[in-house]
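Enquirer: Pasting in a structure now, in structure tokens, and then I'll have a few things to ask.
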Amino acid sequence: MIHINKLKVNKLENVYVYTELISGFFNNVSVIDDEELILIDTFKTRELMEELMENISDTFNRSVSKIIYTHWHIDHTLGSHFISNASIISTNYTNKYLEKFISNDLERLVNRGIIENGAKPKLSDVEFEEIYNIELFKGKKLVIKHLPGHTYDSLVVFYEDILIVGDTLLGNEVDVFKPPVIPPDAPLSKEEHLETAIEFINNSNVVHIITGHGYMLPKIELIQSNLNRLKNII
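Residue 24 is where the sequence shown starts when you use the working numbering, and the numbers rise one by one after that.
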């Protein structure tokens, strides 16, 4: 485990997990170092993105080629504003939510000081419906699956024995859990999607799970913790 100024870095095989330490939400951004350098989600602020990109440059000596959005929420997408020349991948629902957010809510959040003036999340240039594969080095591949849960556009990413789940599961450090989050994803986002998603993740043949917020836990403990939360909110 490595501490840098505002981020903590954990390495899990070829995956580097950067956890921010300043907001209280423990956002995670994952970097997969394989044939390409692939970023899964982004941070929200310029200062976190600058520290992330500086560390990536120092560690890997190359640039991010792809960004994968696990879902549209701005704490996972806004940092794309500070990255150049990377292709962005999402489900075919994500851009619709982002366009609605940019049109209806961005200015209000800028005026409240929540978002830096001039910053806005980039739309994805690669969209898919159910499954999207990225071929990697030595026969390995990244499998990206649409899995509604936290939001309707949510996806998960399989890499070897690692599963990156965005906010469909959360670590114990974070109290917020129930979808939808403002601005609403209704009418598509439903609690039963979250139940189905957790069951799918529980049945997946993976060893490690990386959540969108919070530190990593053993799979059984993480699943049970999230099931208990879900039971308390529905």
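Note that the Cβ used here is the ideal one computed from N, Cα and C, for glycine as well.
1) With H, G and I counted as helix, E and B as strand and the rest as coil, what does DSSP make of residue 231?
2) Let me check one thing: in DSSP terms, what residues is residue 181 bridge-paired to?
3) Once the 5 residues before and after residue 67 are set aside, which same chain residues still bring their CB inside 7 Å of it?
4) Grab me the residues of residue 181's own chain with a C-beta within less than 6 Å of its C-beta, minus the 5 sequence neighbours each way, in chain order.
5) Taking three-plus beta-carbon pairs below 8 Å as touching, is the stretch 160-178 in contact with the stretch 70-80?
6) Between 152, 240 and 127, which lies nearest to residue 185 when the distance is taken from Cα to Cα?
7) Whole angstroms are fine: how far does the CA of residue 243 sit from the CA of residue 144?
8) Let me check one thing: in DSSP terms, what residues is residue 41 bridge-paired to?
9) Shortest alpha-carbon distance to residue 59 belongs to which of 249, 85 and 47?
10) Determine the closest residue to residue 196 out of 47, 38, 246 and 28, with distance taken between C-alpha atoms.
11) Using 8 Å as the Cβ pair cut-off and three pairs as the minimum, do the stretch 146-163 and the stretch 112-123 touch?
12) I'd like to know whether the C-beta atoms of residue 121 and residue 95 end up nearer to each other than 9 Å.
13) From the DSSP output, read off the bridge partner residues of residue 114.
14) Assuming residue 233 and residue 51 form a contact by the criterion Cβ under 8 Å, report the distance between their Cβ atoms to the nearest whole angstrom.
15) Please return the same chain residues whose Cβ sits closer than 6 Å to the Cβ of residue 230, not counting the five positions on each side in sequence.
16) Alpha carbon to alpha carbon, how far is residue 160 from residue 57? Give it in angstroms, no decimals.
17) So, at 8 Å on beta carbons, what are the nonlocal neighbours of residue 139 in its own chain, with the 5 sequence-adjacent residues on each side left out?
18) Among the residues of its own chain, which have a CB less than 6 Å from the CB of residue 169, if the five just before and after it don't count?
Expert: So, to answer that:
1) Numbered from its first residue, the sequence shown carries residue 231 at position 208. In this structure, residue 231 counts as strand in the three-state DSSP scheme.
2) Locating residue 181 in the sequence shown gives position 158, counting from the first residue. Bridge partners of residue 181: 166 and 186.
3) Position 44 of the sequence shown, counted from the start, is the residue given in the question as residue 67. Closer than 7 Å at the Cβ level, and outside the excluded window around residue 67, lie 97, 98, 101 and 102.
4) Working through the sequence shown from its first residue, we reach residue 181 at position 158. Answer for residue 181: 166, listed in chain order.
5) no
6) Looking up residue 185 in the sequence shown gives position 162. Comparing Cα positions, the closest option is 240.
7) Along the sequence shown, one-based indexing puts residue 144 at 121. Along the sequence shown, one-based indexing puts residue 243 at 220. C-alpha separation (whole angstroms): 34 Å.
8) On the sequence shown, residue 41 is found 18 positions in, with the first residue counted as 1. For residue 41, which the question treats as bridged, DSSP gives the partners 32 and 52.
9) Counting from one through the sequence shown, the residue named residue 59 turns up at place 36. Nearest C-alpha to residue 59: 85.
10) Here residue 196 is taken as the residue at index 173 of the sequence shown, counted from 1. Comparing Cα positions, the closest option is 47.
11) yes
12) Position 98 of the sequence shown, counted from the first residue, corresponds to residue 121. Position 72 of the sequence shown, counted from the first residue, corresponds to residue 95. Cβ distance < 9 Å, so residue 121 and residue 95 count as in contact.
13) Walking along the sequence shown from the start, residue 114 turns up at place 91. Bridge partners of residue 114: 151.
14) Counting from one through the sequence shown, the residue named residue 233 turns up at place 210. Counting from one through the sequence shown, the residue named residue 51 turns up at place 28. Contact flag correct, Cβ pair sits at about 6 Å.
15) On the sequence shown, residue 230 is found 207 positions in, with the first residue counted as 1. Closer than 6 Å at Cβ, skipping near neighbours: 184.
16) Numbered from its first residue, the sequence shown carries residue 57 at position 34. Numbered from its first residue, the sequence shown carries residue 160 at position 137. So the alpha carbons of these two residues sit roughly 6 Å apart.
17) If you number the sequence shown from 1, residue 139 lands on position 116. Hits under 8 Å: 68, 69 and 133.
18) In the sequence shown, counting from the first residue as 1, residue 169 sits at position 146. Contacts found: 114, 153 and 178.
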